[in-house]
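Report on the following structure.
Residue numbers (our numbering): 578 to 935.
Structure (structure tokens):
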């Protein structure tokens with residue numbers, strides 16, 4: 578699984594590796610472990626640069642270099658840098674240099690870089706993304722090895738994570754990134770036990786049967802959704818409370834069962850984003866398959882309306898991991914990857930993205 582985070586609001590000017598690594602938890606929403614992370618950068622007319630989307634993949638023998646290449650082509654950044662985060666990156670340079678060169682995923686990274694598929698200005702190795710952790714340059718353009726290049730570009734220790742630019746939005750919300758990826762995505766997955774999955778699948782099948790038996794599409798979806806969201810907002814109903822409201826979850830499931838119904842209620846959801854967020858998270862944790870993917874994509878739009886780009890990306894990541902061919906998630910993910918998420922949100926409000934999806 579991979580995670581894409583679009584964080585164009587977090588400008589980084591002339592940042593060095595110690596600062597770039599310190600930004601990773603804030604950009605990803607969690608502290609990455611056993612990961613390969615690529616940061617993209619956009620150029621401004623004055624020659625300065627600012628950080629663009631960030632993608633993370635697991636370190637494994639089945640390394641998705643093709644997937645990263647497609648992401649980079651979509652992002653259209655001026656340049657990229659990479660970071661390998663692994664707790665095996667300890668000991669002296671000779672020891673972990675010999676270890677890393679034997680890894681199939683590292684060979685895939687180098688091959689993709691050499692072929693221009695995943696071009697990296699530099700790639701660094703670090704054991705973890707914490708202040709004081711040691712990093713070193715693995716490969717990069719020749720200028721990084723030049724005698725006048727500051728040592729900090731070749732080796733050093735990670736700077737302050739708390740003081741990093743990517744942490745600023747978290748500080749404004751009085752929040753902190755999750756310690757692990759599992760913790761960061763838990764709100765979309767619930768306990769994720771086998772019994773929960775069976776219940777979600779059974780509920781989804783029953784909803785689909787009800788929809789298939791119906792001779793007409795629900796003409797009252799928009800008004801019903803409006804009334805429901807108004808009531809939820811008035812009573813400040815939480816996600817946990819909604820999880821036990823089977824009738825409400827079934828209603829959302831019906832709206833998510835067909836593209837025309839989903840599109841009918843999206844505008845209503847965006848008009849009441851806080852209430853819609855709680856409702857959709859409850860639905861996501863109660864449904865499976867195409868219905869869950871539709872709920873995740875709708876939730877991503879609601880997160881964008883709330884200005885929570887990172888959360889939107891998390892929802893799309895899960896949707897595409899489970900349903901890789903889901904059209905709306907693909908379109909939104911492409912927009913988030915290229916920093917065009919707010920343009921996509923405006924297009925949805927105008928009905929343009931819906932037409933493109935079809």
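Each residue gets a CB set at the ideal place from its N, CA and C atoms; glycine is no exception.
Note that the structure is a prediction, hence the values are computed from the model and not measured.
Asked                                                                                                                                                                     : Found
Quick one: grab the DSSP three-state call for residue 927.                                                                                                                : helix
Between the beta-carbon of residue 625 and the beta-carbon of residue 655, is there less than 8 Å?                                                                        : no
Leaving out five residues on either side along the sequence, give the residues of the same chain with a beta carbon under 6 Å from the beta carbon of residue 600.        : 741, 743
For the alpha helix (DSSP H) holding residue 653, just list the boundary residues, first then last.                                                                       : Looking at the DSSP string, residue 653 is not in any alpha helix (DSSP H), and its letter there is neither H nor E.
Throw me the rounded Cβ distance for the residue 851 and residue 810 pair, which I believe falls under 8 Å.                                                               : 7 Å
For the putative contact between residue 735 and residue 706, defined by C-beta atoms under 8 Å, what is the C-beta separation to the nearest angstrom?                   : 7 Å
Go ahead and pull the three-state DSSP assignment for residue 696.                                                                                                        : coil
When the Cα atoms are used, what is the spatial distance from residue 894 to residue 910?                                                                                 : 8 Å
In the DSSP assignment, what are the bridge partners of residue 782?                                                                                                      : Residue 782 pairs with nothing; no bridge assigned.
So, at 8 Å on beta carbons, what are the nonlocal neighbours of residue 547 in its own chain, with the 5 sequence-adjacent residues on each side left out?                : Lying before the first or after the last residue shown, residue 547 is absent from the chain, which here runs from 578 to 935.
Is residue 757 buried or exposed, if buried means 16 or more other CB atoms sit within 10 Å of its CB?                                                                    : exposed
Using CA atoms only, rank isn't needed, just tell me which of 682, 902, 752 is closest to residue 866.                                                                    : 902
For the candidate residues 745, 710, 833, whose alpha-carbon lies nearest to that of residue 864?                                                                         : 833
Using beta-carbon positions only, say whether residue 855 and residue 815 come within less than 8 Å of one another.                                                       : yes
By how many angstroms is the C-alpha of residue 664 removed from the C-alpha of residue 928?                                                                              : 47 Å
In chain order, what residues of the same chain lie with their CB nearer than 7 Å to the CB of residue 669, ignoring the 5 residues before and after it?                  : Residue placement at residue 669 is flagged as unreliable, the pLDDT there being 46, under the threshold of 50; a coordinate-derived value is accordingly withheld.
For residue 652 versus residue 617, is the C-beta distance shorter than 8 Å?                                                                                              : yes
Let me know the secondary structure DSSP gives residue 630 once reduced to three states.                                                                                  : strand
Residue 635 bridges to which residues according to DSSP?                                                                                                                  : 612
Assign residue 912 to buried or exposed, taking buried as 16 or more other Cβ atoms, counted over all protein chains shown, within 10 Å of its Cβ.                        : buried
Assign residue 713 to one of three DSSP states: helix, strand, or coil.                                                                                                   : strand
On the DSSP bridge assignment, give the partners of residue 552 in chain order.                                                                                           : The question about residue 552 has no answer, for the chain in this structure spans 578 to 935.
Under a Cβ-count criterion, where at least 16 other Cβ atoms within 10 Å of its own Cβ denotes burial, should residue 751 be classed as buried or exposed?                : exposed
Can you list, in chain order, the residues of its chain whose CB lies under 6 Å from that of residue 765, leaving out five sequence neighbours each side?                 : 861, 895
Please classify residue 874 as buried or exposed, where buried requires at least 16 other C-beta atoms within 10 Å of its C-beta.                                         : buried
Can you check which of these residues, 636, 686, 729, is closest to residue 612 by C-alpha distance?                                                                      : 636
Report buried or exposed for residue 759, applying the criterion of at least 16 other Cβ atoms within 10 angstroms of its Cβ.                                             : exposed
Where residue 926 and residue 610 are concerned, what is the direct C-alpha to C-alpha distance, given to the nearest angstrom?                                           : 38 Å
Fully enclosed by the segment 873-906, which beta strand (DSSP E) runs are 3 residues long or longer?                                                                     : none
Helix, strand or coil for residue 683 per DSSP?                                                                                                                           : helix
Spatial neighbours of residue 892 within its chain, please: CB distance less than 7 Å, with the 5 preceding and 5 following residues excluded, ordered by chain position. : 765, 873, 876, 877, 880
Grouping DSSP H, G and I as helix and E and B as strand, with all else coil, what is residue 732?                                                                         : strand
Between the C-alpha atoms of residue 671 and residue 898, what's the straight-line distance to the nearest angstrom?                                                      : Residue confidence is low: residue 671 scores 48 on pLDDT, short of 50, so the model does not pin down where it sits. Its coordinate-derived value is still stated next. For residue 671 and residue 898, the distance between alpha carbons rounds to 37 Å.
Closer than 6 Å by C-beta to residue 781: which residues in its own chain qualify, once you throw out the five before and the five after it? Chain order, please.         : 864, 865, 866, 868
Residue 755 by DSSP, collapsed to three states: which one?                                                                                                                : strand
Measuring CA to CA, which of 602, 857, 597 is closest to residue 755?                                                                                                     : 602
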